[in-house]
Amino acid sequence: MSTASKPRVRFAPSPTGYLHVGGARTAIFNWLFARHEGGIFILRIEDTDVERNRPELVDGILDSLRWLGIDWDEGPIFQSQRLEMYRAAAEKLLANGFAYLCYCAPEKYAGGDHAEVEEVEEGEEVEEKKSLLKKQRCGCRNLDAAGRAAAEKQAASQGFQPAVRFRVPEAGTTAFDDAVFGRREVQNAEIEDFVLLRSPKPGQTARLPTYHLACVVDDMEMRITHVIRGADHLSNTPKQALIYGGLGAAPPIFAHVPLILGPDKTRMSKRHGATSVGSYSEEGFLPEAFRNFLTLLGWSPGDDAQFLRTAELLERFSLAGVSRTNAIFDRPKLEWFNTQYLQKLPVEELAPYVAAELKRAKIWREEWAGAARAWFLRTIDLIRLRTRLLPDFSAAARGFFSDDFSYDPAAMEKFWKDAKLPALMAKLAESYAALAEWNHDACDKVLRDLAASEGVKAGLLINATRVAILGQAVAPPLFDSMLAIGKERVVARLRQALPAISAKTTS
RNA sequence: GGCGCUAUGGUGCAACGGUUAGCACAUCACCCUUUCAAGGUGGAAAUGCGGGUUCGAUUCCCGCUAGCGCUACCA
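Each residue of the first sequence is one higher than the one before, starting from 0 at the first, in numbering that gives the first Met the number 0.
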């Protein structure tokens, strides 16, 4: 395979916030595509808007990408450090007539009120103005020598530097190819003379590029072959196709991927709950599960397969499977994916996540990584069927790892009500203390024998014991749990619970 | 307002002219059961509307409607 044919793609977030789930999905698609095709994945930071840009957020975005398991081959490359390239490109467009200097004040067009823009079009056919709401065609576009000199003089006297606008053809159409949406063609009359280089703000000297210019110049320079990005860019792509043409380059293949919406079908926002990747990692989702879920939003392997681990995703991903319809972020489905991973991952793979969670909860013990590793893995395996998120290991299952746990009020209420319990549990504790062999069947027999001789149902003791040794109404099967916790601690906890049980039954 | 994109159960995807319209999540019922889960079985639930094209439309075309996107010297 020649290196020239290697696909090159990029993910280009703007550091104006954390990594959004939509951005994450776009990053995943780019990454999967690059890895599937044996191509190159580049990370680029689009920080050309000095007012919105927050450099300190870059690390957070990078962390989120790493958490997702995404690695990049080149970058991060910062646009703010390549301003000269954009300026040179604008210069070239100016020189070959594809752009012109605009001396208008930025406020003139801010807000996009087309009505006031129309008066700039004096000299053109009046009837055409009424029929079609024309896109911005600045008067500066057709300045004659005298007018230009005057504008320049005026600007100079005010210390104002003009912006550079693209000279969009009056007639004709502009087309481009999209791997998802097919060939697109739009009327040039519908495209405004968009800005390429902004006029410097007071106090600035650098002439910063707008998104369109920087994006195209970078994609050209980076030899990007496939631009995979959100469908919100679909309508703006003709502008970029125009820039490629002006710069004498062939545009890449575009692949616009559908957006991810909130449950009410509107753009995802904080109203819908967490929108940042970081918050899902903090909540305790497994990155692979989260990624699996996101990948299936707007993409399908073509069949009904859903549980797709990294290797399968890499093997099966293709742009052909990308959908054209927006998808809704369905939290319950995400949770289902997480429980699937929690239950099906090889326990050795899950262990590091559990260890991290226990460390976070400050109940981690180093021996679990060493001498007691086998016990640790067995215990995780015992617990995981009842977990949904990582913190469950340190919360509901806390009693497996620490003596510092409390009795859940609802559990006490439910299983410590029977008046016979204080006497029964005292006997049970001593029976266990006297038990020589600590194994599942022996523990089972002791309890059932006691229940039989006392004339109560085994369930009464089982349920009460569960609360006594773990503090929870919900836990793995009792005798398995007792084995994991150990005889000493079970007996101790049983004895320790006696006062609380008495208090509960008599209250 | 203009331009564009999209349209299969509540949700995510299959079916790319011929299927009793499939799978999964969620939901309901039952089974299993020492709790709670998991698991198993079964149920309810969809081709937005209207025209075409065709022997035959979920699938192709047109209109409508709805949703979304773009319409910034933001990306």
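Built from N, CA and C at the ideal position, the CB exists for glycine as well. Just so it is clear, the structure is predicted and the values come from calculations on it, not from any experiment.
Output yes or no for whether 8 Å exceeds the beta carbon distance between residue 325 and residue 288.
-> no
Supposed contact pair residue 23 and residue 321 - C-beta distance, whole angstroms, cut 8 Å | Not confirmed; about 16 Å, so no contact.
Using the rule of at least 16 other Cβ atoms within 10 Å of the residue's Cβ for burial, across every protein chain shown, is residue 29 buried or exposed?
-> buried
Sorted by chain position, which residues of the same chain lie with C-beta nearer than 7 Å to residue 456's C-beta, five sequence neighbours on each side aside?
-> 450
Pull up the distance between the alpha-carbon of residue 347 and that of residue 376, whole angstroms please.
-> 7 Å
Complete beta strand (DSSP E) runs within the stretch 39-102 (minimum length 3 residues, chain order) | 39-44, 73-77, 98-101
State the DSSP-derived secondary structure class of residue 308, mapped to helix, strand or coil.
-> coil
For residue 7, the three-state DSSP class (helix, strand or coil) = strand
Starting from residue 177 and walking both ways along the beta strand (DSSP E), at which residues does that stretch end?
-> 172-177
Residue 217 to residue 382, Cα distance in whole Å?
-> 50 Å
For residue 418, which residues from the same chain have a beta carbon less than 7 Å from its beta carbon, with the 5 sequence-adjacent residues on both sides left out?
-> 504
Bounding residues of the beta strand (DSSP E) (the contiguous stretch that carries residue 185) | 181-186
Which residue's Cα is closest to the Cα of residue 183: 235, 154, 227, 314?
-> 235
On the premise that residue 284 lies in contact with residue 513, defined as a C-beta separation below 8 Å, what is that separation, rounded to the nearest angstrom?
-> In the structure as shown, the chain starts at 0 and stops at 506, and residue 513 therefore has no counterpart that could be examined.
Extent of the continuous alpha helix (DSSP H) to which residue 147 belongs = 144-156
Between the C-alpha atoms of residue 374 and residue 436, what's the straight-line distance to the nearest angstrom?
-> 18 Å
Within 10 angstroms of the Cβ of residue 475, are there 16 or more other Cβ atoms? Answer buried if so, exposed if not.
-> buried
May I ask you to list the residues that DSSP assigns as paired with residue 266?
-> 260
Where residue 253 falls: helix, strand or coil (DSSP) | strand
If we count the other Cβ atoms within 10 Å of its Cβ and call it buried at 16 or more, is residue 191 buried or exposed?
-> buried
How long is the line joining the alpha carbons of residue 256 and residue 469, rounded to whole angstroms?
-> 48 Å
In the structure shown, what three-state DSSP assignment does residue 165 receive?
-> strand
Proximal residues to residue 68 (C-beta, below 8 Å), its chain only, five neighbours per side dropped = 286, 287, 290, 309
Closer than 7 Å by C-beta to residue 508: which residues in its own chain qualify, once you throw out the five before and the five after it? Chain order, please.
-> No answer is possible for residue 508: the residues shown for the chain start at 0 and end at 506.
So is residue 512 buried or exposed if we call it buried at 16+ other beta carbons inside 10 Å?
-> What the structure shows of the chain is the stretch from 0 to 506, and residue 512 is not part of that stretch, so it cannot be assessed.
Would you mind stating whether residue 314 and residue 388 have Cβ atoms separated by less than 8 Å?
-> no
In three-state DSSP terms, what is residue 293?
-> helix
Excluding sequence positions up to five away, which residues of its chain have a Cβ less than 8 Å from the Cβ of residue 271?
-> 261, 262, 263, 328
Nearest candidate by alpha-carbon position, reference residue 103, set 360, 146, 345 | 146
Separation of residue 472 from residue 481, as counted between CA atoms = 15 Å
Cβ separation of residue 318 and residue 254, assumed to be a contact under 8 Å, to the nearest whole Å = 5 Å
What are the boundary residues of the alpha helix (DSSP H) that residue 277 is part of?
-> 276-282
Identify every residue that forms a DSSP beta bridge with residue 326.
-> 259
Per DSSP, which residues does residue 227 bridge with? Please list them.
-> 254
Mind checking who residue 208 pairs with in its DSSP beta bridge?
-> 196
Nearest-angstrom Cα distance between residue 144 and residue 51?
-> 37 Å
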